[in-house]
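Counting along the sequence shown from 1, when you hit position 176 you're at 176 in full-length UniProt numbering, and nothing is skipped either side.
In this text, a Cβ means the ideal position worked out from N, Cα and C, and glycines have one as well.
Note that the structure is predicted; figures quoted are calculated from it, not measured.
Accompanying notes for the structure given below.
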Amino acid sequence: MQFDPKIADLKKQIENYSREELLWFNGYLSGLLAQNQIKTSSELEVLLKKNNLKPSLKPVILYASETGNSKKLAFELLKLLKQNEIQTKVFDLATYKIKDLEKESYVVFICSTQGEGEAPLSAQGFFTDLEKETLDIKDLKYSIVGLGDTSYPLFCKAAQDLDDLMKKQSAKSQTALLKLDVDYKQQANEWFLELVALFLEQSQDEKQIDDKPLVSLKENDKQSKPDHVKTFYKGKLLHKVILNDRGSNKKTYHIELATFEDIEYQPGDALGVYAKNNHSLLQSLADSLGDKKRYLELESLNVKGLSGRVLTNILEYLQIKTDQTRIDLIDLLQLYTPLVRSIDFDKIISLLNPISPRLYSIASSLHNQENQIDLTVGLVEFENQGIPKKGMCSCYLSELEIGQEFKFYIHKNQDFYLPDDNKDIIMIGPGTGIAPFRGFLQERDQRGVKARNWLFFGEQHFVSDFYYQTEIQQWLETQVLTRLDTAFSRDQKHKIYVQDRLKENAKELWKWIQSGAVIYLCGQKSGMSEDVESTLVHIIMENQNSNQAQAQEYLEQMFLNGQYKKDVY
Numbered sequence: 001m002q003f004d005p006k007i008a009d010l011k012k013q014i015e016n017y018s019r020e021e022l023l024w025f026n027g028y029l030s031g032l033l034a035q036n037q038i039k040t041s042s043e044l045e046v047l048l049k050k051n052n053l054k055p056s057l058k059p060v061i062l063y064a065s066e067t068g069n070s071k072k073l074a075f076e077l078l079k080l081l082k083q084n085e086i087q088t089k090v091f092d093l094a095t096y097k098i099k100d101l102e103k104e105s106y107v108v109f110i111c112s113t114q115g116e117g118e119a120p121l122s123a124q125g126f127f128t129d130l131e132k133e134t135l136d137i138k139d140l141k142y143s144i145v146g147l148g149d150t151s152y153p154l155f156c157k158a159a160q161d162l163d164d165l166m167k168k169q170s171a172k173s174q175t176a177l178l179k180l181d182v183d184y185k186q187q188a189n190e191w192f193l194e195l196v197a198l199f200l201e202q203s204q205d206e207k208q209i210d211d212k213p214l215v216s217l218k219e220n221d222k223q224s225k226p227d228h229v230k231t232f233y234k235g236k237l238l239h240k241v242i243l244n245d246r247g248s249n250k251k252t253y254h255i256e257l258a259t260f261e262d263i264e265y266q267p268g269d270a271l272g273v274y275a276k277n278n279h280s281l282l283q284s285l286a287d288s289l290g291d292k293k294r295y296l297e298l299e300s301l302n303v304k305g306l307s308g309r310v311l312t313n314i315l316e317y318l319q320i321k322t323d324q325t326r327i328d329l330i331d332l333l334q335l336y337t338p339l340v341r342s343i344d345f346d347k348i349i350s351l352l353n354p355i356s357p358r359l360y361s362i363a364s365s366l367h368n369q370e371n372q373i374d375l376t377v378g379l380v381e382f383e384n385q386g387i388p389k390k391g392m393c394s395c396y397l398s399e400l401e402i403g404q405e406f407k408f409y410i411h412k413n414q415d416f417y418l419p420d421d422n423k424d425i426i427m428i429g430p431g432t433g434i435a436p437f438r439g440f441l442q443e444r445d446q447r448g449v450k451a452r453n454w455l456f457f458g459e460q461h462f463v464s465d466f467y468y469q470t471e472i473q474q475w476l477e478t479q480v481l482t483r484l485d486t487a488f489s490r491d492q493k494h495k496i497y498v499q500d501r502l503k504e505n506a507k508e509l510w511k512w513i514q515s516g517a518v519i520y521l522c523g524q525k526s527g528m529s530e531d532v533e534s535t536l537v538h539i540i541m542e543n544q545n546s547n548q549a550q551a552q553e554y555l556e557q558m559f560l561n562g563q564y565k566k567d568v569y
């Protein structure tokens, strides 16, 4: 090709670059290509051929994902590596065989953290096997990327545990553990660029990796200090109302919060709420611990649903055993009262974690109302060992008094934002999953967006559980909402769910998908989201005349390309 003046200047500047500098530059430019920031790599390829830079390393990428972010990053890294002719494969830890680590030369783990510092449910079997098995992986090199949220006390704990387990197996860590906060994209891209460049360098000098780590970034350097710093706010309860009518089996609250200052958020973002323990519970706890006056010290500590490491540590300290895997501290103390009267109050406090924030999808738009945030909160009620229980944060929010203040932050959820105004959207939101879509429709209504909007909503009963019915009917009348399909599971003998409505409208859904409509799914991960995804795969199979594996791959590509978005919990 003919060089324009800019290319000529670039050639002149890099003529005297060393091999290592060219390698780094290659990785950097490849990353820009992946982000569509430059148009061609042909001149870079000339430089690589001139220096005989041919990659030989074949790393494997293993991901553990709860919401899909780790999976997305894994495939972004895959794309970047392939652009640099580095052969690689991606596997989900849920299906990866632990013994296969013995066959690998280099592994890049990308792992999120959930709950109380635990690995994603799908990867917990891998973690257990890695802890129990004895593997011959002393020559295996690895890097770990952890995804987490600094609002939680055990930030990226699962990734740290994975690093510890790999080191116990004598595998060789080549990079400091990379810990990514919720705004991770830029930091991850920069790290991937450096990783690619150094993979290329390693491919040219296999001895080098035995002499020093691949990446020389120091611990506590830029990789472990997230660029995103959370801003915490105070708000107060403005209004709350139960959305369910008489006869409902549920209590779902519409909650309106007034903010004390201007706050920026977008539909799709979530509110991070810091709950506090009920004072009557705390007084009972303090009494069981032998010091009533210190009950306020327990206000912000997680004393409900103890499990995992916390429960194990408390049981070891109390020198007692129980078959229960999850139990409230008050129940534990009352069950073993004879043993706990003389325990150290400070010791128990030291074994407890701070209450982690709970995320709730924002159910409003700033364009519709300033200095106010709406939530849709389902009160969680259940039994444990025959004892009635309530969810910590849903109970906290449901018991707030009008005017009562509380602490929160905005959790940015960029992977669940609205698309361009010319894009149609399909919203699947049963139950409280409707929350972000109320914000979507408010936003598009206020801005006069003309693209089509299709909503699938489901609950138990039409009469008592049709959340925001009046608003939805108004959006239908004004054509803000193009289509509405509902599924009220218990209004007939055979239960009907949103996935059944998807099947009934398969042909029309496929037309929307083919025209570029973006699918959004919000709601319960267990059960609902799996059933919806299975239905989407079936719809793709029917309309493409493909098999299940091909249809699954098609849906995964939609997810990776941003045409299918999920916010499940």
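- Taken through DSSP and simplified to helix, strand or coil, residue 141 comes out as strand.
- The Cβ neighbour count for residue 101, taken over all protein chains shown within 10 Å, is at least 16; the residue is labelled buried.
- For residue 185, the three-state secondary structure derived from DSSP is helix.
- Boundaries of the beta strand (DSSP E) around residue 384: 381-384.
- Secondary structure at residue 239: strand, using DSSP grouped into helix, strand and coil.
- Residue range 372-378 is occupied by the beta strand (DSSP E) that includes residue 372, with no alpha helix (DSSP H) assigned at that position.
- Taking the Cβ atoms as the reference, residue 78 lies roughly 22 Å from residue 98, outside the contact range of under 8 Å.
- With respect to residue 123, residue 111 sits close: the two C-beta atoms are nearer than 8 Å.
- Here residue 280 is exposed. Its C-beta has fewer than 16 other C-beta atoms within 10 Å.
- With a 10 Å radius around the Cβ and a threshold of 16 neighbouring Cβ atoms, residue 164 comes out exposed.
- Ranked by Cα distance from residue 108, the first of 175, 138, 170 is 175.
- If you draw a straight line from the Cα of residue 480 to the Cα of residue 542, it is about 30 Å long.
- The region 341-359 and the region 427-447 do not touch, with fewer than three beta-carbon pairs separated by less than 8 Å.
- In this structure, 372 is the residue among 372, 188, 246, 473 with its C-alpha nearest to the C-alpha of residue 410.
- Under the DSSP assignment, residue 453 falls in the beta strand (DSSP E) whose first and last residues are 453-459.
- Following the DSSP letters along the chain, one finds residue 79 in no beta strand (DSSP E) but inside the alpha helix (DSSP H) bounded by residues 69-83.
- The C-alpha of residue 468 is placed about 16 Å away from the C-alpha of residue 483.
- By the CB criterion at 8 Å, residue 430 and residue 459 fall inside the cutoff.
- The C-alpha of residue 177 is placed about 26 Å away from the C-alpha of residue 350.
- Listed in chain order, the non-local C-beta contacts of residue 125 below 8 Å within the same chain comprise 94, local neighbours out to five positions each way being set aside.
- Take the alpha-carbon of residue 404 and the one of residue 58: they are about 57 Å apart.
- Per DSSP, residue 494 lies in no alpha helix (DSSP H) and is assigned neither H nor E.
- Contact between residue 378 and residue 432 holds, with the beta-carbon distance rounding to 5 Å and staying under 8 Å.
- Classified as buried, residue 365 has 16 or more neighbouring CB atoms from the shown chains inside 10 Å of its CB.
- Of 360, 516, 473, 347, the smallest CA-CA separation from residue 422 is found for 516.
- By alpha-carbon distance to residue 564, the top candidate from 546, 548, 532, 549 is 532.
- CA-CA distance, residue 73 to residue 159, rounds to 15 Å.
- For the 8 Å CB-CB criterion, residue 551 and residue 544 form a contact.
- A Cβ-Cβ separation of about 17 Å leaves residue 408 out of contact with residue 267 under the 8 Å criterion.
- Put simply, of 331, 420, 147 the residue whose alpha carbon is nearest the alpha carbon of residue 387 is 331.
- Collapsing the DSSP output to three states places residue 154 in coil.
- Collapsing the DSSP output to three states places residue 555 in a helix.
- Per DSSP, reduced to three states, the secondary structure at residue 487 is strand.
- With contacts defined by Cβ atoms closer than 8 Å, residue 529 and residue 436 do not form a contacting pair.
- Taking C-beta separations shorter than 7 Å and ignoring five residues to either side along the sequence, the partners of residue 65 in its chain run 71, 112, 120, following chain order.
- Residue range 425-428 is occupied by the beta strand (DSSP E) that includes residue 425, with no alpha helix (DSSP H) assigned at that position.
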